[in-house]
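Going left to right, the sequence shown walks through residues 6 to 376 as this note's numbering numbers them. For each residue, glycine too, the CB sits at the ideal point set by N, CA and C.
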Amino acid sequence: MFATLRWVESNTKQGDVPYAELHCRSNFSFLQGASHPEQLVEQALAVGLRALALTDRNGLYGIVRFSEAARALGLPTVFGAELQCGTAGDVVVIARNPVGYSQLSSAISSGQLAGSKEHPVFGVEQLSDFCVGNWWVLTGGRSGLVSRALTEDGPAAAERQLQRLISSFGRHNVVVELWDHGDPLDSVRNDALVRLAHRNSLFCVATNDVLYATPAHHRLATAVAAVRNRSSLDDVDMMLPPAATAYLRSGAEQRRRFGRYPGVVERSAQLAQDAAFDLRLVAPRLPPFPCPEGMDEMSYLRQLVQVGATRRYGARPEDENEDLSLRARAWKVIDHELSVIASLGFAGYFLVVWDIVQFCQRSNIYCQGRG
Numbered sequence: 006m007f008a009t010l011r012w013v014e015s016n017t018k019q020g021d022v023p024y025a026e027l028h029c030r031s032n033f034s035f036l037q038g039a040s041h042p043e044q045l046v047e048q049a050l051a052v053g054l055r056a057l058a059l060t061d062r063n064g065l066y067g068i069v070r071f072s073e074a075a076r077a078l079g080l081p082t083v084f085g086a087e088l089q090c091g092t093a094g095d096v097v098v099i100a101r102n103p104v105g106y107s108q109l110s111s112a113i114s115s116g117q118l119a120g121s122k123e124h125p126v127f128g129v130e131q132l133s134d135f136c137v138g139n140w141w142v143l144t145g146g147r148s149g150l151v152s153r154a155l156t157e158d159g160p161a162a163a164e165r166q167l168q169r170l171i172s173s174f175g176r177h178n179v180v181v182e183l184w185d186h187g188d189p190l191d192s193v194r195n196d197a198l199v200r201l202a203h204r205n206s207l208f209c210v211a212t213n214d215v216l217y218a219t220p221a222h223h224r225l226a227t228a229v230a231a232v233r234n235r236s237s238l239d240d241v242d243m244m245l246p247p248a249a250t251a252y253l254r255s256g257a258e259q260r261r262r263f264g265r266y267p268g269v270v271e272r273s274a275q276l277a278q279d280a281a282f283d284l285r286l287v288a289p290r291l292p293p294f295p296c297p298e299g300m301d302e303m304s305y306l307r308q309l310v311q312v313g314a315t316r317r318y319g320a321r322p323e324d325e326n327e328d329l330s331l332r333a334r335a336w337k338v339i340d341h342e343l344s345v346i347a348s349l350g351f352a353g354y355f356l357v358v359w360d361i362v363q364f365c366q367r368s369n370i371y372c373q374g375r376g
């Protein structure tokens, strides 16, 4: 569906430096990310990333498309979210395993229910109630809890926020995030973050706080930011990095950017290796539906459909000359849909829905289907 993205720094074979991007938003982060999940996956492979984490804002919205695209191309996947903790800033939560993913899903649902549309309510202490050592908690990028305190109120305030994370999630689960978008102050900020990490016995990791797949998407990201802030393109320029730098970089480029902090680039690949898993491991599985003796779910569904379709459209036509009749066309569609259901293994789901409808009809409860 999407043309393979081939922009790279100089050579697509740049995977000799182990690196995985752990902070990346897709266009499912509404009015923030500028690239489709498929484009991010393709570019991650093009620049030789060992894995890619999708961390959309306040939700797991792009996870399914991201997972499907990555599975098709053989890219290891890491799942997480950038969660807005009030006005203080954000944290990036990475699920370290399927249990952590389930806990993150529950935490996001709780925060969304506690707030309103586009304004969920997350708090550091509340998030910690959902996690028992199954998350990596990154301190965040430009809008991160620690970096925002550092920029606005200085090192002491940043350390208080960092210790708040340590107290809530445990020292071994908190990682200080470094990023460099080419701003002259990025090195100053990263130096301060490294000092905070060392003083609190924490590891640092490099990310690129990604908003789009390649520099070519920077103009779209700028337009999206202008819409988000309800401002002109000229005004929004003051709020964004000065250049097209929030893209997926290779490990080689990241090592050049972070050469003064040994190990922070390679550590991203180590964390990703520990946290990567296939989304199919957490796919919901329905309990087996009770079927008549000698029938499985698919054969029982076919029997029920046969009865219902015969009542509505008449018996299945046997004469090939009826191909253009309404009855023949209806049965052709039914057969096609049943074959799709069988190939996907969804017969149990349709039987559960049928059972619910039967209960509603027996109980005089109004119900209707949606397409």
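Residue i in three-state terms, based on DSSP
i: Val83; result: strand
i: Val99; result: Sequence check: residue 99 is Ile here, not Val. Strand.
i: Ser368; result: coil
i: Val129; result: helix
i: Gln37; result: coil
i: Asp279; result: helix
i: Arg233; result: helix
i: Gln373; result: coil
i: Leu10; result: With a pLDDT of only 35 at Leu10, under 50, the local geometry of the prediction cannot be trusted, and the value read off the model is given with reservation. Three-state result, Leu10: coil.
i: Glu26; result: strand
i: Asp360; result: helix
i: Thr60; result: strand
i: Gln19; result: With a pLDDT of 46 at Gln19, under the threshold of 50, the modelled position of this residue cannot be trusted; read the value that follows with caution. The answer is coil: DSSP assigns Gln19 none of H, G, I, E or B.
i: Val215; result: strand
i: Phe174; result: helix
i: Phe208; result: strand
i: Gly149; result: strand
i: Asn195; result: helix
i: Leu349; result: helix
i: Ser330; result: coil
i: Tyr66; result: coil
i: Phe263; result: coil
i: Ser255; result: coil
i: His223; result: helix
i: Gly105; result: helix
Whole-angstrom distance between residue j and residue i, CA atom to CA atom
i: Gln214; j: Leu349; result: With the sequence shown as reference, residue 214 is identified as Asp, and Gln is not the correct amino acid for it. In a straight line, the C-alpha of Asp214 is about 36 Å away from that of Leu349.
i: Ala226; j: Tyr217; result: 7 Å
i: Gln308; j: Ala230; result: 54 Å
i: Ser368; j: Phe127; result: 40 Å
i: Ser255; j: Pro23; result: 9 Å
i: Val310; j: Arg316; result: 10 Å
i: Phe174; j: Cys365; result: 45 Å
i: Ser273; j: Ser236; result: 36 Å
i: His41; j: Leu150; result: 27 Å
i: Val52; j: Ala74; result: 16 Å
i: His223; j: Arg30; result: 14 Å
i: Val270; j: Leu253; result: 13 Å
i: Leu54; j: Gln363; result: 51 Å
i: His341; j: Met300; result: 21 Å
i: Asp279; j: His177; result: 14 Å
i: Gly374; j: Pro295; result: 23 Å
i: Glu130; j: Ala93; result: 13 Å
i: Ala211; j: Thr156; result: 19 Å
i: Gly187; j: Ala251; result: 10 Å
i: Glu14; j: Val193; result: Note that Glu14 scores 38 on pLDDT, short of 50, meaning its location in the model is unreliable and no value can be drawn from it.
i: Ile361; j: Cys372; result: 9 Å
i: Arg261; j: Cys209; result: 16 Å
i: Arg153; j: Arg147; result: 7 Å
i: Pro220; j: Ala39; result: 11 Å
Proximity below 8 Å, CB of residue i to CB of residue j
i: Leu143; j: Val97; result: yes
i: Thr70; j: Glu26; result: This sequence places Arg at residue 70; Thr is not what is there. For Arg70 and Glu26, no; Cβs fall outside 8 Å.
i: Leu284; j: Thr60; result: no
i: Trp141; j: Leu276; result: yes
i: Ala58; j: Phe84; result: yes
i: Arg233; j: Leu88; result: no
i: Asp185; j: Phe263; result: yes
i: Ser110; j: Leu65; result: yes
i: Asp95; j: Gly145; result: yes
i: Ala281; j: Ala56; result: yes
i: Leu238; j: Ala228; result: yes
i: Gly353; j: Pro289; result: no
i: Asn139; j: Ile171; result: no
i: Ala100; j: Leu132; result: no
i: Leu356; j: Tyr318; result: no
Counterpart residues of residue i in DSSP-defined beta bridges
i: Leu143; result: Val97 and Val180
i: Thr156; result: None; Thr156 has no bridge partner.
i: His124; result: Ser121
i: Gln89; result: Asp95
Below 8 Å, how does it come out for the segment 175 to 186 and the segment 195 to 203: are there three or more Cβ pairs, yes or no?
yes
With three or more beta-carbon pairs closer than 8 Å as the criterion, would you say the segment 116 to 126 touches the segment 160 to 168?
no
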